[in-house]
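K.L.:
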Amino acid sequence: MSGLAHEQVFKVKCTIPLLPEPCIGVGISRKKAEQSAAELMLALLNKVNQ
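Position 26 (the sequence shown) corresponds to 26 in the UniProt record's numbering; numbering is contiguous.
(1) Give me the Cα-Cα distance between P20 and L40, rounded to the nearest whole angstrom.
(2) For the beta strand (DSSP E) that V12 lies in, which residues bound it at each end?
(3) Closer than 8 Å by C-beta to A47: which residues in its own chain qualify, once you throw out the five before and the five after it? Chain order, please.
(4) Hey, G27 and C14: beta-carbon distance below 8 Å or not?
(5) Drop a sphere of 10 angstroms on the beta-carbon of A5, count the other beta-carbons inside from all chains shown, and report buried for 16 or more, exposed for fewer.
Right, dumping it as structure tokens:
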């Protein structure tokens, strides 16, 4: 988490041991950052499975 109290930015890392690097989600709330990281990971998994 970074930023002033009224402008906080949250970062969440989503990792899967079999993949070489994590996905980082950023959002104005923890929930939005988590959802962003999950969406990025899902897109990466779909790309890997094609």
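Positions of the beta carbon are idealized from the N, C-alpha and C atoms, including for glycine.
P.N.:
In terms of the structure at hand:
(1) The residue given as residue 20 occupies position 20 in the sequence shown. The residue given as residue 40 occupies position 40 in the sequence shown. About 14 Å.
(2) In the sequence shown, counting from the first residue as 1, residue 12 sits at position 12. Here the beta strand (DSSP E) through V12 covers 10 to 14.
(3) Against the sequence shown, residue 47 aligns to sequence position 47. Per the sequence shown, residue 47 should be read as Lys rather than Ala. Cβ neighbours of K47 beyond the five flanking positions: none.
(4) Position 27 of the sequence shown holds residue 27. Position 14 of the sequence shown holds residue 14. No, the Cβ-Cβ distance between G27 and C14 is not below 8 Å.
(5) Position 5 of the sequence shown, counted from the first residue, corresponds to residue 5. It counts as exposed.
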